[in-house]
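Chemist:
Residue numbers (this note's numbering): 39 to 145.
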């Protein structure tokens with residue numbers, strides 16, 4: 039043959055083969071490592087987001103419950119006072135039908 043056929047036992051080919059093999063193994067490994075790191079970061083961010091939403095919901099519920107008790111008490115007292123005043127007015131009207139009429143001056 040006009041040019042020599044390369045021997046597969048040549049140290050240059052085995053070095054190249056090892057280098058290519060190492061690159062073929064290391065590049066996907068590095069990419070997988072980056073991918074898993076990115077996924078872990080995304081999961082951490084999602085967990086923070088869920089926690090923030092949970093805290094907002096808890097805060098809103100706590101605020102509503104905290105305000106609901108005094109508002110309920112005030113409404114009950116107000117309704118009770120209105121009911122009692124209405125009953126008193128009806129009782130006065132029942133016993134003195136002209137109680138709402140203007141009284142003549144006694145002077």
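Cβ coordinates follow ideal geometry from the N, Cα and C atoms, glycine included.
Treat the numbers as computed from the prediction; the structure is a model and nothing was measured.
1. What's the gap between the Cα of residue 90 and the Cα of residue 112?
2. In whole angstroms, give me the CA-to-CA distance for residue 97 and residue 115.
3. Do you know offhand how far residue 53's Cα is from residue 65's?
Modeler: Short version:
1. Cα-Cα distance, rounded: 33 Å.
2. One C-alpha to the other measures close to 28 Å.
3. Taking the straight line joining both Cα atoms gives about 18 Å.
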